[in-house]
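There are 2 protein chains.
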Amino acid sequence: MATIKDVARRAGVSTATVSAVMNDSAFVSPELRARVVTAIRELRYEPSLAARNLRRSRSQLIALAVADLSNPFYTRIVWSAEAAVAAWGYSLVLFNSDEKPDTERRILSRIRTLGCDGMVLVPVGAANQYQPHEFDGMATVLLGRSIEGNTADTVTIDNREAGRQAVDYLLDLGHRRIGSITGPMQLSTSKGRLDGMIDAMAARGLAPQPGHIRSGEFREEAAYSVARDMMGSPDRPTAIYVANGVMAIGVMRAVADLGLRCPQDISIASTDTVAGAGGLKPRLTRTEHPIADMTNEALRLLVDRIEERVSEPVRSIVFQPALIVGESCMPLRGNAA
Amino acid sequence: MATIKDVARRAGVSTATVSAVMNDSAFVSPELRARVVTAIRELRYEPSLAARNLRRSRSQLIALAVADLSNPFYTRIVWSAEAAVAAWGYSLVLFNSDEKPDTERRILSRIRTLGCDGMVLVPVGAANQYQPHEFDGMATVLLGRSIEGNTADTVTIDNREAGRQAVDYLLDLGHRRIGSITGPMQLSTSKGRLDGMIDAMAARGLAPQPGHIRSGEFREEAAYSVARDMMGSPDRPTAIYVANGVMAIGVMRAVADLGLRCPQDISIASTDTVAGAGGLKPRLTRTEHPIADMTNEALRLLVDRIEERVSEPVRSIVFQPALIVGESCMPLRGNAA
DNA sequence: AGACTTCAGCGAAACGATTAGCTATCGGGG
DNA sequence: CCCCGATAGCTAATCGTTTCGCTGAAGTCT
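Same order as they appear, the protein sequences are chains E and U.
First residue of the first sequence? That's 1210 in our numbering, and the numbers climb one at a time after it.
First residue of the second sequence? That's 1210 in our numbering, and the numbers climb one at a time after it.
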């Protein structure tokens, strides 16, 4: 691997000149520039980022730590993020905390050690699990989930509104016994969506039955067993709001395995799914999130911070969900019940 | 950010001793060690990888460049790779070449500049597009696709066998007019799978009609339009072998939009899909690839190379596909035709 | 006691870039 | 003719580690 010294020697100039040519940081006469450029090409010189970064104390690395790489929702974020990061001239270091706070803690420390210029984090822990020092000195944007009392920029969806929209739709169809399957309650997303559901019902003087509100991990299997349990009971709901796309798949599988038909026997609405794209039948009625826009925005905020073009202490951007009507819901009258 | 010097000063020792404590690289008396450890904790010292790597000329970074991050096949690879890389003590830098050779070239150069210790590459170009120098000096493993005449380790699936298995199954069901929709022919995967199909038919004295063999980009949209075209003609095949999971979704959508039913009107078999997991109906009959195993193996080979525990010049590992029977194929007799 | 080995720990030279500050050259104005 | 300013390019310090080779103290052997 050729170094800047080799190039300098070959071109008969100093390393400072080579550096100037590489970075366009000072005027270099056309003649010398040409010699340097030739030497660079001949030696196939590529500057070492390790050295450059040590000097500049920057790394050109942006870390992305997502909560669950097996979830298409996050792989979509990864896809968008890779493109955005590259477009801003950085490279993406990817981490999967697998919804485990301990793993996340190790990742945070690793990100620090790597000297990443900034990070986009989908936090998995409850607010009180974070030490303040875990964020300071590092440009950070929280994506998708927020942490109360945090000091970092945040890009989220209006979860409460998402829950409200979905459940309002079910209510409009005449459903009254509506259940919900959501994720862990310490997460802002789960809590927000459930609150939205409760809002929507309260607005019509209703409240969900306690046994019809269940939470579990944001995984297909967890949702499957919770759904089997809830749907097996005689006073089962006529409609379910599932707070997450992957869980919705589990719920649909549970419904099918119980011999129930969707939407004839049970209506299902969900939030944040990307499953519709996969050819799922029936197509889910769901609130969709502008994942790509959210991710791009998160990176814009982050790069702003990194390059110190920003004055405000903390910025919070909230996107709005949109209800997409599929084929997984029916008016109550049409029900077998 | 505290540096090793701060720690040394605080503990009243030299930087060399701090380094020894950090790396367990030399014996340090319990007393000094304790002082150092305390100082490290108090200052919340984390060594700078930039400096360490400059010195050691290693980066603890492994690059993964996949062909298409929007394809679940590759996101599955990303998932497995992140876990494996972390388990080996490295971090993952992710790139998406988006099936574009130009983008891939830029990525290769970036990987070099970053000083990654090694890379796992899903190559997108034809063999002759690679310069030998693009690989040398860098530990490399090719994953999923191979490059003829390459000098890197390779982990692939037996594509020919995959095509043979799927088409054999269709032949066993009595199909004779079998079509195929595959990816770009310069890719080893597309070519291998088509060859396997031709093998299977030739073994029974048959050959596909020329108009029934089509190729296009490995994308849902490409497959959709090719399928509409092929299925619209009067002598359309009674079964199709689709060489890729994402394309299979496009084909199924095309079939549905043409008012045809699968499997009653047309049987579909595919290779390499991960769509079955997504709740697709009917479930595809397909050859599955042990993606996680392949990825783990690729990383094992790579780390072997990086840590120079290996003598052989080039290793090639070929995995075998397995036929998974779903509900997307029927015997020919049952057809409307 | 003297000579030799261990051994903990230190000092300083790398690693490969950037960059502040300096030097030499040249042209032009007083 | 001298001085000055501008300009091109160089020298050397620096970033934060690791690591080679050294020192001096303590232990071991004759």
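Ideal placement from N, C-alpha and C gives every residue a C-beta, glycine not left out.
Identification of chain U residues near Trp-1288 of chain E by a Cβ-Cβ cut-off of 8 Å yields Leu-1278, Ser-1279, Thr-1284 and Asn-1305, ordered along the chain.
Among the residues facing chain E, Lys-1214 of chain U is not included, as its CB has no counterpart in that chain under 8 Å away. Within 10 angstroms of the beta-carbon of Asn-1262 of chain U lie 16 or more other beta-carbons, which makes it buried.
The segment 1346-1407 of chain U contains, as complete beta strand (DSSP E) runs of 3+ residues, the segments 1348-1352, 1362-1366 and 1387-1391 (chain order). For the 8 Å CB-CB criterion, Ser-1424 of chain U and Pro-1393 of chain U form a contact. For a cut-off of 8 Å, the C-beta gap from Trp-1288 of chain E to Leu-1278 of chain U is around 4 Å, short enough to register as a contact. For the C-beta of Pro-1256 of chain E, the chain U residues within less than 9 Å are, from N- to C-terminus, Thr-1322. Lys-1400 of chain U has its alpha-carbon roughly 29 Å from the corresponding atom of Thr-1284 of chain E. Going by beta carbons, Leu-1379 of chain U and Ala-1448 of chain U fall inside the 8 Å limit. At a cut-off of 8 Å between beta carbons, Leu-1511 of chain E makes no contact with chain U. Burial state of Ser-1306 of chain U is buried, judged by a 10 Å Cβ sphere holding 16 or more other Cβ atoms. Taking a cut-off of 8 Å on C-beta distances, the segment 1306-1324 of chain E does not touch the segment 1240-1254 of chain U, as fewer than three cross pairs fall below it. Interface residue (Cβ-Cβ distance to chain E less than 8 Å): Lys-1400 of chain U is not classified as such. Contact between the segment 1238-1246 of chain U and the segment 1517-1530 of chain E is absent: fewer than 3 CB-CB pairs across the two stretches fall below 8 Å. At least one beta carbon of chain E lies nearer than 8 Å to the beta carbon of Glu-1291 of chain U. Not flagged as an interface residue toward chain E: Asn-1359 of chain U, since no C-beta distance is shorter than 8 Å. For Met-1210 of chain E, the neighbours in chain U by C-beta distance under 7 Å run, in chain order, Gly-1346. For a Cβ distance threshold of 7 Å, residue set Ala-1259 of chain U lies close to Asn-1262 of chain E, ordered along the chain. Contact of Ser-1434 of chain E with chain U is not assigned, every C-beta pair being separated by 8 Å or more. Neighbours of Arg-1319 of chain U in chain E, taken as residues whose beta carbon is under 8 Å from its own, are Ser-1300 in chain order.
When DSSP states are grouped into helix, strand and coil, Phe-1282 of chain U belongs to the helix group. Buried is the label assigned to Glu-1506 of chain U, since at least 16 other Cβ atoms lie within 10 Å of its Cβ. Per DSSP, reduced to three states, the secondary structure at Ile-1475 of chain E is coil, with no helix or strand assignment. Contact between Val-1460 of chain E and Ile-1390 of chain E holds, since their C-beta atoms are separated by about 6 Å, short of 8 Å. One thing to note: Arg-1267 of chain E has its Cβ no nearer than 8 Å to the Cβ of Asp-1362 of chain E. A straight-line Cα-Cα distance of about 43 Å links Arg-1470 of chain E and Arg-1413 of chain U. A direct Cα-to-Cα measurement between Arg-1219 of chain U and Arg-1314 of chain E gives close to 27 Å. Neighbourhood of Ser-1228 of chain E in chain U, by CB distance below 9 Å: empty, with the nearest CB roughly 15 Å away. Shortest Cα-Cα distance from Ile-1387 of chain E to any of E:Asn-1453, E:Ile-1422 and E:Asp-1367 involves E:Ile-1422. At a cut-off of 8 Å between beta carbons, Ser-1537 of chain U makes no contact with chain E. Assignment of Glu-1251 of chain E by DSSP, reduced to helix, strand and coil, places it in the helix class. Residue nearest to Leu-1467 of chain E within the set E:Asp-1438, E:Asn-1359, E:Val-1329 and E:Ala-1371 is E:Asp-1438 (criterion: CA-CA distance). Excluding its 5 nearest sequence neighbours in each direction, Ala-1431 of chain E has C-beta neighbours in its own chain below 8 Å: Gly-1425, Met-1456 and Gly-1459, listed in chain order. Taking Thr-1496 of chain U as the centre and dropping the five residues before and after it, the same chain places the C-beta of Ala-1371, Gln-1374, Ala-1375, Thr-1480, Pro-1530 and Leu-1532 closer than 6 Å to its C-beta, in chain order. For Tyr-1433 of chain U, there is no enclosing beta strand (DSSP E); the residue is part of the alpha helix (DSSP H) that begins and ends at 1429-1441.
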